[in-house]
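Number of protein chains: 2
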Amino acid sequence: MATRTDAPTRREQILKEAARLFAERGFHGVGVDEIGAAVGISGPGLYRHFPGKDAMLAELLVGISGQLLTGAKQRLKEVDGAAPEVVLDSLIEGHIDFALDDRPLITLHDRELDRLRDSDRKLVRQLQRQYVELWVGVVRALYPDLSEPAARSAVHSVFGLLNSTPHLARSGSLPGRATTAALLHRMARGAFAAAGSA
Amino acid sequence: MATRTDAPTRREQILKEAARLFAERGFHGVGVDEIGAAVGISGPGLYRHFPGKDAMLAELLVGISGQLLTGAKQRLKEVDGAAPEVVLDSLIEGHIDFALDDRPLITLHDRELDRLRDSDRKLVRQLQRQYVELWVGVVRALYPDLSEPAARSAVHSVFGLLNSTPHLARSGSLPGRATTAALLHRMARGAFAAAGSA
DNA sequence: CCTCCAGGTTAACGACCGCTAACCCCGCTG
DNA sequence: CAGCGGGGTTAGCGGTCGTTAACCTGGAGG
Numbered sequence: 184m185a186t187r188t189d190a191p192t193r194r195e196q197i198l199k200e201a202a203r204l205f206a207e208r209g210f211h212g213v214g215v216d217e218i219g220a221a222v223g224i225s226g227p228g229l230y231r232h233f234p235g236k237d238a239m240l241a242e243l244l245v246g247i248s249g250q251l252l253t254g255a256k257q258r259l260k261e262v263d264g265a266a267p268e269v270v271l272d273s274l275i276e277g278h279i280d281f282a283l284d285d286r287p288l289i290t291l292h293d294r295e296l297d298r299l300r301d302s303d304r305k306l307v308r309q310l311q312r313q314y315v316e317l318w319v320g321v322v323r324a325l326y327p328d329l330s331e332p333a334a335r336s337a338v339h340s341v342f343g344l345l346n347s348t349p350h351l352a353r354s355g356s357l358p359g360r361a362t363t364a365a366l367l368h369r370m371a372r373g374a375f376a377a378a379g380s381a
Numbered sequence: 184m185a186t187r188t189d190a191p192t193r194r195e196q197i198l199k200e201a202a203r204l205f206a207e208r209g210f211h212g213v214g215v216d217e218i219g220a221a222v223g224i225s226g227p228g229l230y231r232h233f234p235g236k237d238a239m240l241a242e243l244l245v246g247i248s249g250q251l252l253t254g255a256k257q258r259l260k261e262v263d264g265a266a267p268e269v270v271l272d273s274l275i276e277g278h279i280d281f282a283l284d285d286r287p288l289i290t291l292h293d294r295e296l297d298r299l300r301d302s303d304r305k306l307v308r309q310l311q312r313q314y315v316e317l318w319v320g321v322v323r324a325l326y327p328d329l330s331e332p333a334a335r336s337a338v339h340s341v342f343g344l345l346n347s348t349p350h351l352a353r354s355g356s357l358p359g360r361a362t363t364a365a366l367l368h369r370m371a372r373g374a375f376a377a378a379g380s381a
């Protein structure tokens, strides 16, 4: 993992603030002036960096889906040949890291997809589908009795479980990141195990 | 359960269609004209039934939260004194029924809360909190080793799991309502069990 | 038969929002 | 030092949206 140390570019600032605002108030609920104000410039100045408001959302959603997918592929390669439990644990860990570190993006990811242009939406959906199918393969390797539709449903449901992190913030004082991550990990494993014992 | 057989009133039609549209395109993404068109009247005719667009959303969200809470209380009364497993199963069953039968409402429920007036939002949050606390009590009765914050996190996460039903529709042809419900139920139990074995 | 009202209609207003136009400033570079 | 381009600014246009105003209509009640 090549951790960035240099200062974020203006584009990156904008994307980050836009993600936060979109997650908080919805795509249509945020004006370009607010996004500009959040990075210290005002309104139309954004158009020096993006062709339009839609483009920001598109770049965010494509970026998320791509990151999730390539991260998962990377992890699959790293643990290549290991037992299915190990592979699944790695996938779960990766998803939890993402859900805990980029909550606004996780929120956007399944909330604002329909606000995209057709071509962008197709791309995002394709990336998402690949990500899901990757999980489905691993889950079925671990629980061969699970039918493919059932495995797919189970994967989607576990995503729902892991992506609940934004709600955890609001509720009572989460007891430290590591503890929360461990709890989520256990629950995901437990959910899959229960799904597998048809 | 007193099942309704009489025709739905116009108000109810409007609420139903508004829920569907809000879930599909977001509160700000739907115009009053579209809501009107969905029930066969046009635009400002809605104002004979609601004081404004916000009021529709408010009534929907308050309604959902209230229904979930009173339904759960009802179930608690029905199985009063039973073993904790039985009580939890009943809660899970109720939530799954709701998630499968009223997907648009489930979607709205955690997506558009911030679009409400302060007073309405407070009310909804209070109802939601009561619902959560009711679950937390049952979960902790069944898994006494679980700390209260952990139990609360677990409950929120299982809600995320159960509320993933809208995503199941999009993906592959869910194999019948009963099968899906059974799968979700098993997974929820498995997730709680895994959370409980700290 | 007249009245009235619930429940519609269309027209239009005012606010807001995304985006463009026109202009400006400043730090490079030849 | 001239020029120029990246990255800002403000003013304003065009369209959309929520809401109100004014008007209409069919059926129930006295």
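Chains as they are written, first to last, in my numbering: chain Y, 184 to 381; chain C, 184 to 381.
No residue lacks a Cβ here, since even glycine has one placed at the ideal position from N, Cα and C.
Which same chain residues, not among the five before or five after residue 298 (chain Y), have their C-beta less than 8 angstroms away from its C-beta? Hits under 8 angstroms: 210, 211, 237 and 240.
Would you report the Cα separation of residue 273 (chain C) and residue 257 (chain Y), rounded to the nearest angstrom? Straight-line Cα distance between these residues: approximately 42 angstroms.
Touch test, the stretch 240-251 of chain Y against the stretch 285-293 of chain Y, Cβ-Cβ under 8 angstroms, three pairs minimum: By the Cβ criterion, the stretch 240-251 of chain Y is in contact with the stretch 285-293 of chain Y, since at least three pairs of Cβ atoms, one from each stretch, lie closer than 8 angstroms.
What is the residue span of the alpha helix (DSSP H) that residue 383 (chain C) lies within? There is simply no residue 383 (chain C) to check, as chain C begins at 184 and stops at 381 in what is shown.
Own chain partners of residue 329 (chain C) with C-beta closer than 8 angstroms, once the 5 adjacent residues on each side are dropped: Same-chain partners within the cutoff: 322, 323, 337, 378, 379 and 381.
Taking the CB atoms as reference points, tell me whether residue 224 (chain Y) and residue 201 (chain Y) lie closer together than 7 angstroms. Not a contact, by the Cβ cut-off of 7 angstroms.
Would you check if the distance between the CB atom of residue 348 (chain C) and the CB atom of residue 283 (chain C) is smaller than 7 angstroms? Yes, the pair counts as a contact, with Cβ atoms nearer than the cut-off.
Three-way DSSP call (helix, strand, coil) for residue 193 (chain C) in this model: In the structure shown, residue 193 (chain C) adopts helical secondary structure according to DSSP, grouped into three states.
Assuming residue 319 (chain Y) is part of the alpha helix (DSSP H), what are its boundary residues? Where residue 319 (chain Y) is concerned, the enclosing alpha helix (DSSP H) stretches over 301-325.
With a threshold of 16 other CB atoms inside 10 Å of the CB of residue 192 (chain C), please say whether the residue is buried or exposed. Answer is exposed; the Cβ neighbour count stays below 16.
Using the beta-carbon count (16 or more within 10 Å), is residue 343 (chain C) buried or exposed? Burial of residue 343 (chain C) is indicated by the presence of at least 16 other C-beta atoms within 10 angstroms of its C-beta.
Cβ-based neighbour list, residue 196 (chain Y), same chain, cut-off 7 angstroms, excluding 5 preceding and 5 following: So the qualifying residues of the chain are 222.
Residue range of the alpha helix (DSSP H) that includes residue 368 (chain C): For residue 368 (chain C), the enclosing alpha helix (DSSP H) stretches over residues 360-379.
Within 10 angstroms of its Cβ, does residue 363 (chain Y) collect 16 or more other Cβ (buried), or is it exposed? By the neighbour-count rule (16 or more Cβ atoms within 10 Å), residue 363 (chain Y) is buried.
Residue 325 (chain C) and residue 267 (chain C) - do their beta-carbons sit closer together than 7 angstroms? Against a cut-off of 7 angstroms, the Cβ pair of residue 325 (chain C) and residue 267 (chain C) comes out as a contact.
Exposure label - residue 371 (chain C); buried when at least 16 CB within 10 Å: Classification for residue 371 (chain C): buried.
When you compare the CB positions of residue 376 (chain C) and residue 277 (chain Y), do they come within less than 7 angstroms of one another, or not? In this structure, residue 277 (chain Y) does not lie closer than 7 angstroms to residue 376 (chain C) by Cβ.
Whose Cβ in chain C lies nearer than 7 angstroms to the Cβ of residue 299 (chain Y)? Neighbours of residue 299 (chain Y) on chain C: none; closest Cβ ~12 angstroms, over 7 angstroms.
Residues in its own chain within less than 7 angstroms of residue 198 (chain C) by CB, not counting five upstream and five downstream? 239, 242 and 243.
Quick check: the Cα distance between residue 303 (chain C) and residue 208 (chain C), rounded to an integer number of angstroms? If you take the alpha carbons of residue 303 (chain C) and residue 208 (chain C), they lie about 22 angstroms apart.
Are the C-beta atoms of residue 343 (chain Y) and some chain C residue less than 7 angstroms apart? Chain C contact via Cβ: present.
Under the three-state DSSP convention, the category residue 240 (chain C) falls into: Looking at residue 240 (chain C) - three-state DSSP - the assignment turns out to be helix.
Does residue 339 (chain C) have its Cβ less than 7 angstroms from a Cβ in chain Y? Yes, contact with chain Y.
Report the rounded CA-to-CA distance for residue 360 (chain C) versus residue 367 (chain C), giving the unit in angstroms. Residue 360 (chain C) and residue 367 (chain C): Cα-Cα distance of roughly 11 angstroms.
Other residues of its chain near residue 269 (chain Y): CB distance less than 7 angstroms, five sequence neighbours each side excluded: 262, listed in sequence order.
Since I believe residue 213 (chain Y) is in contact with residue 158 (chain Y) (beta carbons under 8 angstroms), could you give me their beta-carbon distance rounded to a whole number of angstroms? Beyond the ends of chain Y as shown, which are 184 and 381, falls residue 158 (chain Y); an answer cannot be given.
CB residue 319 (chain Y) to CB residue 334 (chain Y), shorter than 7 angstroms? For residue 319 (chain Y) and residue 334 (chain Y), yes; Cβs fall inside 7 angstroms.
Tell me the residue span of the alpha helix (DSSP H) that contains residue 289 (chain C). From DSSP, the alpha helix (DSSP H) with residue 289 (chain C) extends over 286-292.
Runs of 4 residues minimum, wholly inside the stretch 226-272 of chain Y: which ones carry the alpha helix (DSSP H) assignment? Listed in chain order, they are 236-261.
Kindly indicate if chain C contains any beta-carbon less than 7 angstroms away from that of residue 332 (chain Y). Chain C, which has a Cβ nearer than 7 angstroms to the Cβ of residue 332 (chain Y), makes this yes.
List, in order along the chain, the chain C residues whose C-beta lies closer than 7 angstroms to that of residue 370 (chain Y)? Ordered by position in chain C, the residues that pass the 7 angstroms Cβ test against residue 370 (chain Y) are 337, 340, 374, 377 and 378.
Can you tell me the Cα-Cα spacing of residue 279 (chain Y) and residue 352 (chain Y), whole angstroms? Going by the C-alpha atoms only, they are around 14 angstroms apart.
Looking at residue 332 (chain C): is its Cβ nearer than 7 angstroms to the Cβ of residue 358 (chain Y)? Yes, Cβ-Cβ distance for residue 332 (chain C) and residue 358 (chain Y) is below 7 angstroms.
Just mark residue 369 (chain Y) as buried or exposed, buried being the case when its beta carbon has 16 or more other beta carbons within 10 Å. Under this definition residue 369 (chain Y) is a buried residue.
Around the Cβ of residue 311 (chain C), are there at least 16 other Cβ atoms within 10 angstroms (buried) or fewer (exposed)? By the 16-neighbour rule on beta-carbons within 10 angstroms, residue 311 (chain C) is buried.
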